[in-house]
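Position in the sequence shown (first residue = 1) + 5 = my numbering. Just so it is clear, CB atoms sit at the ideal spot from N, CA and C, and this is done for glycine as well. One structure is given here, and the rest of the page talks about it.
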Amino acid sequence: MSSDRFQAPDYYQIDDLLTDEHKLIRDTVREWVKKEVSPIIEESAQKAEYPRHLNKGIAEVGGFGPYIPTEYGGAGLDQISYGLIMQELERGDSGVRSAASVQSSLVMYPIYQYGNEEQRNKYLPKLASGEWVGSFGLTEPDHGSNPSGMISNFKDEGDHYLLNGAKMWITNAPICDVAVVWAKNESGRIHGLIVERGMEGFTTPETHGKWSLRASRTGELVFDNVKVPKENLLPNKSGLGAPLGCLDSARYGIAWGAVGAAMDCYDSALRYSKERLQFDKPIASFQLVQKKLAEMITEITKAQLLNLRLGQLKNEGKATTQQISMAKRNNVNMALEIAREARQIHGGMGITGEYPIMRHMMNLESVITYEGTHDIHLLITGMDVTGESAFR
Ligand code: TGC
Ligand code: FAD
């Protein structure tokens, strides 16, 4: 990729609504992404490799467990800081944000929120420092949008649990040291179990051939009579609401992250439109190009404001699942449409790795599907406003 000349759009002076600490955190991550992510990410994506060496830096900028208390190694920050970190990481690449959001909201969060003190002390500091990589197993081959139908199960065998089943489409699976896995007990109740690499019968085959999130490792978690120690059960919450609670936190981060990807596409398109001449004029002077850019900055501004308000609500403990769904759905779709329009503004250059556009666009095709598809989030809003469930 050509050098990273990113300049963040802030059309409504939203910076004025942030604290100095928010801006410091945001700018620190932004600089880190410019220095460490932008120069290498295109090659990682082309080679379908996750640049694992970045984990140390993600940890240093507070990307693993931003809102987890410092006594467990987290950064102890508020929810707006968490959002800003995700925005900046996804400005670099959705795969980098994925690494941070899975580790933070899908692995550290359930261990912190549903685990006991021994589990917190054992796992959280190593996850916060990036020494360990975590994964989150909810989706199964036959149960994606409908996780309540999962068939992964565990039996009480006296001194341990015996876990069987398989999870699919799991971020970090091939490289994870620990996995938070959701499975049903003998009464059909969903519980979270911490499974560690090395447990006999636990394998993590990689999913190859992805056109999206290429700089992120995806795979399966397969459990063939895995003996899980009893102390690895998360004791403080069970039922589908437990994994869904984690998704609230991750979807919130994605709502911010998608704005980062959109800002990068807009910034690149704006600069390109001023530099690219056709018919002896910058293409920025043509009305049809201006229409694209004007609509992009309008949508980005709306999404930035949505995120900030959602962050305030989250800080106050008032953000609902349904509000988070709306922001995830709106912002990811907005980012994908902006990536497509930005690709057009770049003409043929837009399909190359010289610019980040096509990589963002392909990444966002996963982001619009994972953590609840675009249509599932629409149905969550539909149910909220009508009181009628259209899922079944
Ligand atoms: P439903 O009947 O609505 O709910 C079941 C129980 O859960 C409770 N609940 C919640 N509790 C806490 N937090 C929430 N956000 C909750 N939402 C619901 C609910 O009250 C109920 O409790 P109870 O006591 O009555 O049993 O469940 P449903 O089976 O009808 O399903 C609803 C639906 C479709 C919305 C939900 O299952 C869903 O969100 N489906 C989408 C699945 C999904 O998002 N999967 C994501 C997998 S992880 C992932 O993609 C990671 S990508 C990571 C990356 O790389 O960044
Ligand atoms: P399906 O549920 O089969 O949906 C297919 C289509 O049917 C969609 O368009 C959907 O909207 C539609 N549909 C389904 N039900 C309804 C309905 N009731 N009404 C209307 N339309 C409906 N999962 C994890 O647990 N952990 C991870 O770390 C993880 N990482 C992922 C990484 C990547 C790169 C990807 C692509 C996925 C990841 N996932 C992960 C899985 C992801 O959450 C699922 O792909 C997603 O929830 C959708 O499930 P599905 O793919 O089985 O699609």
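Pair within 9 Å by beta-carbon distance, residue i and residue j
i: W187; j: P152; result: yes
i: N241; j: Y128; result: no
i: W261; j: E95; result: yes
i: V227; j: H165; result: no
i: F396; j: L384; result: yes
i: A104; j: I63; result: yes
i: K297; j: P287; result: no
i: P361; j: L239; result: no
i: I350; j: A299; result: no
Rounded C-alpha distance that separates residue i from residue j
i: A266; j: A171; result: 32 Å
i: N177; j: G353; result: 33 Å
i: L198; j: E225; result: 16 Å
i: I356; j: K189; result: 45 Å
i: V372; j: G214; result: 17 Å
i: T374; j: M331; result: 14 Å
i: V183; j: S290; result: 53 Å
i: Q18; j: H196; result: 45 Å
i: G100; j: K319; result: 24 Å
i: W174; j: I381; result: 18 Å
i: T75; j: G81; result: 5 Å
i: I343; j: N312; result: 17 Å
i: A220; j: R102; result: 11 Å
i: K235; j: Q309; result: 44 Å
i: T386; j: S49; result: 37 Å
i: G97; j: G322; result: 29 Å
i: E54; j: S109; result: 21 Å
i: Q283; j: R364; result: 25 Å
Closest Cα partner of residue i within the set the options
i: S140; options: G81, D164, S134, V200; result: V200
i: F69; options: K28, K131, G353; result: K131
i: N368; options: G352, A340, D389, S394; result: A340
i: I90; options: K323, H27, L22, A53; result: H27
i: Y77; options: K52, N121, S8; result: N121
Delimiting residues of the alpha helix (DSSP H) encompassing residue i
i: N60; result: 59–65
i: W37; result: 25–37
i: V264; result: 246–280
Residue i: first and last residue of the uninterrupted beta strand (DSSP E) it sits in
i: V227; result: 223–234
i: A188; result: 183–189
i: L167; result: 165–176
i: G139; result: 139–142
Same chain, Cβ closer than 7 Å to residue i, five either side skipped, listed in chain order
i: W216; result: M367
i: T33; result: V66
i: E93; result: R31, V34, R35, V38, G265
i: P14; result: M268, Y271, D272, I302, I305
i: S150; result: T378, I381
Cβ-based neighbour list, residue i, same chain, cut-off 6 Å, excluding 5 preceding and 5 following
i: L111; result: F141, C251, A255
i: G79; result: G70, I73, A133
Nonlocal neighbours in the same chain, by C-beta distance under 8 Å from residue i, ignoring five residues either side
i: S106; result: M91, A255, G258, I259, G262
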